[in-house]
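Residues 14 to 98 (the working numbering) make up the sequence shown, in order.
Note that beta-carbon positions come from the ideal geometry of N, C-alpha and C, so glycine has one too.
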Amino acid sequence: MHDELVDHLMRSTPLQRGEALRVIQDVLAYFDETTEDYVRRRHRELQAQGLVNAEIFERIEADLKYRAVAPPELTLRQLRRMVYG
Numbered sequence: 014m015h016d017e018l019v020d021h022l023m024r025s026t027p028l029q030r031g032e033a034l035r036v037i038q039d040v041l042a043y044f045d046e047t048t049e050d051y052v053r054r055r056h057r058e059l060q061a062q063g064l065v066n067a068e069i070f071e072r073i074e075a076d077l078k079y080r081a082v083a084p085p086e087l088t089l090r091q092l093r094r095m096v097y098g
């Protein structure tokens with residue numbers, strides 16, 4: 014699984030084969046998160062940092078553009094619905 018990428022990481026970093034494979038699996042799992050799950054998780058994290066919803070949803074809206082596979086552009090209202098239903 015992902016042998017070329019594992020080999021690349023082993024050549025370009027001090028990682029051993031097992032470590033490189035774990036890193037790849039962690040990264041893939043991170044990007045496997047659905048947009049809805051990402052929005053809910055980030056909302057909880059930012060809320061725990063003391064940010065208010067207006068700041069939170071603006072930040073999430075901006076962050077979504079930089080996901081590996083960016084979802085379609087979502088309105089602030091759509092983001093709120095993902096969190097609050």
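Would you please state the rounded distance, in angstroms, between the beta carbons of residue i and residue j? I believe it to be under 8 Å.
{"i": "isoleucine 37", "j": "histidine 15", "result": "5 Å"}
{"i": "glutamate 74", "j": "leucine 87", "result": "7 Å"}
Taking C-alpha atoms, which residue in the options lies nearest to residue i?
{"i": "arginine 94", "options": "Gln62, Glu58, Asp50 and Asp76", "result": "Asp50"}
{"i": "glutamate 46", "options": "Gln91, Arg30 and Leu77", "result": "Leu77"}
{"i": "proline 85", "options": "Gln29, Thr48, Glu68 and Glu58", "result": "Thr48"}
At the level of alpha carbons, what is the spacing between residue i and residue j?
{"i": "valine 40", "j": "arginine 90", "result": "29 Å"}
{"i": "leucine 22", "j": "alanine 33", "result": "6 Å"}
What first and last residue would you give for the alpha helix (DSSP H) that runs through residue i?
{"i": "aspartate 39", "result": "30 to 44"}
{"i": "alanine 61", "result": "48 to 61"}
Would you verify that the beta carbon of residue i is, or is not, closer than 8 Å to some beta carbon of chain B?
{"i": "alanine 33", "result": "In the displayed structure, chain B is absent; only one protein chain is listed."}
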